[in-house]
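Since the structure comes first, as structure tokens, the remarks are kept for the end.
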Amino acid sequence: MVQAYILIQTEVGKASTVAQTISKIPGVTKAEDVTGPYDVIVRAQADTVDELGRIVVARVQQVEGITRTLTCPVVHL
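According to the numbering used here, the sequence shown is numbered sequentially starting from 0.
This is the structure we're talking about:
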């Protein structure tokens, strides 16, 4: 299982709507709107890195109101 945090910047006033929409995407385990340099933080998981990439590029980044994403894979040291 591959997991990642996806840090998202949104258009002004869109964080709550973006978080709600993303929370319904299969593979997303949590989506919360936050304060700071990012507006939404998402936790996602998939069986492979490729599948995780497809979730981010094909599903998350297509949500209306997103201006930028940064994907941070979870590592277990």
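We treat Cβ as the ideally placed atom computed from N, Cα and C, and that holds for glycine.
* Inter-residue Cα distance where the pair is G52 and Q61 -> Spanning the alpha carbons of G52 and Q61 requires a straight line of approximately 13 Å.
* Euclidean distance between Cα positions of T9 and T34 -> Looking at the two C-alpha atoms, the distance is approximately 12 Å.
* Does the beta-carbon of D49 have 16 or more other beta-carbons within 10 angstroms, so that it is buried, or is it exposed? -> With fewer than 16 other CB atoms across the displayed protein chains lying within 10 angstroms of its CB, D49 is exposed.
* **Among T16, P36 and V73, nearest to A43 - alpha-carbon criterion** => Taking only the C-alpha atoms, the option nearest A43 is V73.
* Asked: Which residues share a DSSP beta bridge with T68?
  -> Per DSSP, I7.
* To do: Spatial neighbours of T20 within its chain, please: CB distance less than 7 Å, with the 5 preceding and 5 following residues excluded, ordered by chain position.
  => Once the five neighbours on either side are set aside, the close Cβ partners of T20 are V62.
* Buried or exposed: which applies to D38, given that a residue is buried once 16 or more other Cβ atoms fall within 10 Å of its Cβ? -> D38 comes out buried.
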